[in-house]
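Residue 1 is where the sequence shown starts when you use full-length UniProt numbering, and the numbers rise one by one after that. Each residue gets a CB set at the ideal place from its N, CA and C atoms; glycine is no exception. Note that the coordinates shown come from a computational prediction; the quantities given were computed from them, not determined experimentally. Report on the following structure.
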Amino acid sequence: MFDAAARHMSFTLAANELNVTQAAVSRQIRNLEQNLGIRLFTRGHRNVELSPEGRMYQHSVHLALAHICDATNEIRNVPQATFVVATDQAVAGLWLQRRLPTFFGLNPEISVRLIVSDKEDCLRERVDVAIIHGNGHWPGFKSRMLFPEEIVPVCSPSCIEKYGPVSGPQSLMNFPLIEHEDERWDWMNWRVWLSMNNVEVPREHHKLLINNYALVIQAAEAGDGVALGWRYVIDDSLKSGRLVSPVNQFVKTKLGYHVVMHETEHINPAVEKFCNWVFSTFEADRQNGVPTAGTR
């Protein structure tokens, strides 16, 4: 009521705007003035004017109400085809985020909220669909494998020139190893990968520990050492030549990345479009991907 009266410089016109009586506006303004201990209006016989304190107060009140109005309109106008996607740092930073503009170009009516976490946040209640690493079995969820886990050492071409030559997994002991430091027991690390290739890692071997997988790959691209690369996640870097595999061995596990949804939840059309796009995009990437280095 104060804002309307201040804009119109009239209690009567404010009452008309708010669809209340002039007496109601006058009473509320008087109550506000008593509460503040300040006279906001100077009353004349036929009109009212803002006092200096009232003018100062109006600037803040009107701006605050404008912000509330904008926030209300924004909430009202949120597209109905909005849903939540969750995934880990690796997929978000190295695969999904680079391809989302294509999805939005095909589906301009859809909005996506992306949650990125390497913890169990990806399976919380308000997530509509998750792309996560594991064995495919999560109680209360249904899943479909997107791609299997294949792990290969990767580094920049300049790194091989500096620390090579490379004749096999044992040669990697001549390289600085870049390790992804995380809390996941089922993520492959260097000690496990090398032991599966019959190489023992000395305790004193130099490692660079980074707790963000996208930064691990950036460090490898920069020539800081050799990192473990999850195939399909890092294929963009392999295809571009920013990364190469210094050895022909890779490790394939029984785990992989899965598209996961709540078991009892009805799939809305926007989520279904997104899932179909993810699988078709991955299949196109796979068909146009880098050749497999070898077998293990």
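Task: Where the alpha helix (DSSP H) containing E74 begins and where it ends - done: Your numbering for residue 74 matches position 74 in the sequence shown. First-last of the alpha helix (DSSP H) with E74: P52 to R76.
TODO: May I ask you to report which of helix, strand or coil DSSP gives R144?
DONE: Here residue 144 refers to the residue found at position 144 of the sequence shown. The answer is strand: DSSP assigns R144 an E or B state.
Open item on the list: Going residue by residue through the region 215-291, where are the continuous beta strand (DSSP E) segments of at least 3 residues, counting only ones entirely within it?
Closed with: 226-230 and 251-262
Open item on the list: Using CA atoms only, rank isn't needed, just tell me which of E109, L65, H133 and A214 is closest to residue 303.
Closed with: Residue 303 lies beyond the residue range present for the chain, which begins at 1 and ends at 296; the question has no answer from this structure.
Open item on the list: So P246 and V192 are supposed to be a Cβ contact under 8 Å. How far apart are they, rounded?
Closed with: On the sequence shown, position 246 is the one that residue 246 refers to. On the sequence shown, position 192 is the one that residue 192 refers to. The beta-carbon separation of P246 and V192, rounded to 18 Å, does not stay under the 8 Å limit for a contact.
TODO: State the DSSP-derived secondary structure class of K162, mapped to helix, strand or coil.
DONE: Along the sequence shown, read from residue 1 onward, the residue named residue 162 stands at position 162. In the three-state scheme derived from DSSP, where H, G and I count as helix and E and B as strand, K162 is classed as helix.
- [ ] Ignore the nearest five residues each way along the sequence and tell me which others in T102's own chain have a CB closer than 6 Å to its CB.
- [x] One-based indexing of the sequence shown puts residue 102 at position 102. Excluding sequence positions up to five before and after T102, its CB lies less than 6 Å from no other CB in the same chain.
Open item on the list: Within 8 Å of any Cβ in chain D, is that where the Cβ of F250 sits?
Closed with: Annotation note: the requested chain D is absent from the structure, which comprises a single protein chain.
Open item on the list: Between which two residues does the beta strand (DSSP E) holding V85 run?
Closed with: One-based indexing of the sequence shown puts residue 85 at position 85. Here the beta strand (DSSP E) through V85 covers T82 to T87.
Open item on the list: Per DSSP, what are the beta-bridge partners of T42 in this structure?
Closed with: Against the sequence shown, residue 42 aligns to sequence position 42. Paired residue(s): E49.
Task: D3 to I75 span [Cα, whole Å] - done: For the purposes of this step, residue 3 is identified with residue 3 of the sequence shown, where counting begins at 1. For the purposes of this step, residue 75 is identified with residue 75 of the sequence shown, where counting begins at 1. Each residue's Cα considered, the two are about 23 Å apart.
TODO: Output yes or no for whether 8 Å exceeds the beta carbon distance between F141 and E263.
DONE: Mapped onto the sequence shown, residue 141 falls at position 141. Mapped onto the sequence shown, residue 263 falls at position 263. Yes.
- [ ] Spatial neighbours of D121 within its chain, please: CB distance less than 7 Å, with the 5 preceding and 5 following residues excluded, ordered by chain position.
- [x] As a first step, residue 121 is located in the sequence shown; it is residue number 121 there, counting from the start. Result list for D121: A86 and I115, in chain order.
- [ ] Report buried or exposed for M1, applying the criterion of at least 16 other Cβ atoms within 10 angstroms of its Cβ.
- [x] Your numbering for residue 1 matches position 1 in the sequence shown. So M1 ends up on the buried side.
- [ ] Hey, could you find the ends of the beta strand (DSSP E) I115 is sitting in?
- [x] Taking the sequence shown and counting its residues from 1, the one referred to as residue 115 is at position 115. Note, I115: beta strand (DSSP E), S111 to V116.
Open item on the list: Checking 8 Å against the spacing of the C-beta atoms, do E179 and L208 come in under that value?
Closed with: To locate residue 179, count along the sequence shown from 1; it is residue 179. To locate residue 208, count along the sequence shown from 1; it is residue 208. A contact, by the Cβ cut-off of 8 Å.
Open item on the list: One question on the structure: do P153 and L172 come within less than 8 Å of each other, judged by their Cβ atoms?
Closed with: Start at 1 with the first residue of the sequence shown, and residue 153 comes out as number 153. Start at 1 with the first residue of the sequence shown, and residue 172 comes out as number 172. Against a cut-off of 8 Å, the Cβ pair of L172 and P153 comes out as a contact.
TODO: Sort S51, R286 and W277 by Cα distance to Q107 and report the nearest one.
DONE: For this step, residue 107 is matched to residue 107 along the sequence shown. Going by the sequence as given, residue 107 is Asn instead of Gln. Taking only the C-alpha atoms, the option nearest N107 is W277.
Task: Residue burial classification, D70 (beta-carbon count within 10 angstroms, cutoff 16) - done: One-based indexing of the sequence shown puts residue 70 at position 70. So D70 ends up on the exposed side.
- [ ] Following the continuous beta strand (DSSP E) through G134, name the residue where it begins and the one where it ends.
- [x] Stepping through the sequence shown from its first residue, residue 134 is reached at position 134. Where G134 is concerned, the enclosing beta strand (DSSP E) stretches over V129 to G134.
Task: Three-way DSSP call (helix, strand, coil) for P169 in this model - done: As a first step, residue 169 must be located in the sequence shown, where it is residue number 169. Here P169 carries a helix assignment [DSSP, helix/strand/coil].
- [ ] Below 6 Å CB to CB, which residues in the same chain sit around N197 once its five sequence neighbours on both sides are set aside?
- [x] Within the sequence shown, residue 197 is the residue found at index 197, counting from 1. Cβ within range, chain order: P169 and Q249.
TODO: Would you kindly check if the distance between the Cβ of V201 and the Cβ of W190 is under 8 Å?
DONE: In the sequence shown, residue 190 corresponds to position 190, counting from 1. In the sequence shown, residue 201 corresponds to position 201, counting from 1. Yes. Within cutoff.
Open item on the list: Just to confirm, is the Cβ distance from L238 to S156 under 8 Å?
Closed with: Numbered from 1 along the sequence shown, position 238 holds the residue referred to as residue 238. Numbered from 1 along the sequence shown, position 156 holds the residue referred to as residue 156. With respect to S156, L238 sits apart: the two C-beta atoms are not nearer than 8 Å.
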